[in-house]
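Student: I'd like to ask some things about the structure below.
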Amino acid sequence: MVVQLIRSDKVYQEMLKMPVEARRDYFRKHVLEGFRPKFDCQKIPFEDPEFDVFSMLGMMHYLPEKIGEPLLEEINAICSEKIWEKSLNLLETIYQSYIHEGILPPVSHYNLTLLLGRADSTVLALSEGLIGDGGIPGYMVISLVPNEKTLDRLQAVIAHEMNHNIRYQYIKWSQDVTLAEWMIAEGLAENFVESLFGPQYIGPWVKKNTLEVVEKRIKPKMKDKLNLSGMQAVLPYIYGDEISRIQGGEQVDLPYAAGYTLGYYLVKYYLEKTQQSIFQATILPAKEILKEVKEFWD
């Protein structure tokens, strides 16, 4: 296994010394280039005057031209060698754990970086300043507003994304993803986090919804929608109305991260009922998990 840490911290530091007009090319070359196959897979143009990776990043992150002295504290917060070393060690440990369970992931090279998120981003605020993107095998981008709380949770979010990375080496992801698949993938990732770090590190995308909300509001709404497909159609059920509204999507009367929360409880029910390990469950098709938990919906 090879883990390449794309040291965004050093790039941010270097950009502070550079003319503003030179920064985008520098950032594109030294950070984003390492994730070009991911952007290609997601159909996000790498360089385009109409819409490209910077258009997408600007929704939630500080763009290169906005990096300045007021962000020194945030930049310094992700410069710690310990943070990067812990991240590297965690990914190597997870990879070896899957091998120990008899699962040899086909992808052996993984790129990881940390990007400075904007504190005024509604999506980041809902996620309490920390969010990950790891659905494309071999690539993980973590976005954060660095502070004591987000840095403490950082390893848990990396583990969540690595679980996605492993799953989607065995399960084919497509733009026609079903609600069942997406929901179960998030549930697997959070149960994986819990297995490594304990319940205190379960993310706000699960904790913000009470069991009563799950039983009375989320579960009834989702029960007959599991075969719904297509990212745009499924997104409101996964992220809830607030994020769907921001992204110009449909309102379906669901709270923040409804699909994450329900996925967590469904997968937990499955694991407890079957005594299957979280490692083996990671690579199972959604339909195999669903057929074992029919009574979960009662």
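In terms of our numbering, the sequence shown opens at residue 15 and continues consecutively. Glycine included, each C-beta is placed from N, C-alpha and C at the ideal position. Predicted, not measured: the structure shown is a model, and the values here were computed from it.
Give a yes or no on contact between the region 108-118 and the region 287-295, applying the rule of three or more CB pairs nearer than 8 Å.
Tutor: yes
Student: Suppose the cutoff is 6 Å on Cβ atoms and the five residues either side in sequence are ignored; what does the same chain contact list for N179 look like?
Tutor: G148, P151
Student: With I97 as the anchor, note down where its alpha helix (DSSP H) starts and where it stops.
Tutor: Counting along the chain, the alpha helix (DSSP H) containing I97 begins and ends at 95-114.
Student: Closest Cβ-Cβ distance between K80 and chain B: below 8 Å?
Tutor: The chain labelled as chain B is not found in the depicted structure, where only one protein chain is given.
Student: Just to confirm, are Y40 and I81 a CB contact at a threshold of 8 Å?
Tutor: no
Student: So what's Q18 in DSSP terms, helix, strand or just coil?
Tutor: In this structure, Q18 counts as strand in the three-state DSSP scheme.
Student: Enumerate in chain order the residues of its own chain whose CB-to-CB distance from N223 is below 6 Å, with the five nearest sequence positions on each side excluded.
Tutor: P269, T275
Student: Determine whether the beta carbon atoms of L144 and L158 lie at a separation below 8 Å.
Tutor: yes
Student: Would you call the region 163-181 in contact with the region 94-104, where contact means no fewer than 3 C-beta pairs closer than 8 Å?
Tutor: yes
Student: What is the rounded straight-line gap between the Cα of L85 and the Cα of L71?
Tutor: L85 and L71 have their C-alpha atoms spaced approximately 17 Å apart.
Student: Would you decide whether A133 is buried or exposed? Buried here means 16 or more other CB atoms lie within 10 Å of its CB.
Tutor: Classification for A133: exposed.
Student: Can you look up M176 in the DSSP assignment and give me helix, strand or coil?
Tutor: helix
Student: Below 8 Å, how does it come out for the region 203-214 and the region 277-287: are there three or more Cβ pairs, yes or no?
Tutor: Result yes; three or more Cβ-Cβ pairs closer than 8 Å.
Student: Leaving out five residues on either side along the sequence, give the residues of the same chain with a beta carbon under 7 Å from the beta carbon of V45.
Tutor: I20, S22, V25, T127
Student: Return the chain-ordered ranges of every beta strand (DSSP E) run that is complete within the region 150-200 and spans a minimum of 3 residues.
Tutor: As far as the region 150-200 is concerned, its whole beta strand (DSSP E) runs of at least 3 residues are 153-158.
Student: Can you give the Cα-Cα distance for V220 and E302, rounded to whole angstroms?
Tutor: 23 Å
Student: Would G277 pass as a contact of G201 if the rule is Cβ separation under 8 Å?
Tutor: yes
Student: Compute the Euclidean distance between the alpha carbons of V254 and S188, then round it to the nearest angstrom.
Tutor: Position check: residue 254 holds Gly in this sequence, whereas Val was assumed. Cα-Cα distance, rounded: 21 Å.
Student: Taking the alpha-carbon of V137 as reference, which of R259, K305, Q289 has the nearest alpha-carbon?
Tutor: R259
Student: Report all residues from its chain with a CB closer than 8 Å to the CB of I324; omit the five preceding and five following residues, and keep chain order.
Tutor: Residue 324 cannot be examined here, being either before or after the span of the chain that is shown, 15 to 312.
Student: Can you tell me whether DSSP reads T275 as helix, strand or coil?
Tutor: helix
Student: Rounding to the nearest angstrom, what Cα-Cα distance links V227 and E79 in this structure?
Tutor: 42 Å
Student: Distance check for Y182 and A203, CA to CA, integer angstroms please.
Tutor: 12 Å
Student: Rounded to whole angstroms, what's the CA-CA distance from V313 to K100? Just pull it up for me.
Tutor: In the structure as shown, the chain begins at 15 and stops at 312. Residue 313 is therefore absent and cannot be evaluated.
Student: Answer with buried or exposed for I169, where buried requires no fewer than 16 other C-beta atoms within 10 angstroms of its C-beta.
Tutor: Per the sequence shown, residue 169 should be read as Gln rather than Ile. So Q169 counts as buried.
Student: My parser needs the alpha helix (DSSP H) runs of 4 or more residues fully inside the region 115-143; what are they?
Tutor: 136-140
Student: So for S209, helix, strand or coil by DSSP?
Tutor: helix
Student: When you measure from the CB of N103 to every non-hydrogen atom of the ligand GTP, does any distance come out below 7 Å?
Tutor: Inclusion of the ligand GTP in the displayed structure is not the case, the ligand content being empty and no account of it being possible.
Student: Give me the residue from W196, Q289, Y112, Y153 with the minimum Cα distance to F53.
Tutor: Y153
Student: When DSSP builds the beta bridges, which residues end up paired with D147?
Tutor: V155
Student: Give the DSSP-derived three-state secondary structure of S314 in the structure shown.
Tutor: Residue 314 is absent from the structure shown; the chain starts at 15 and stops at 312.
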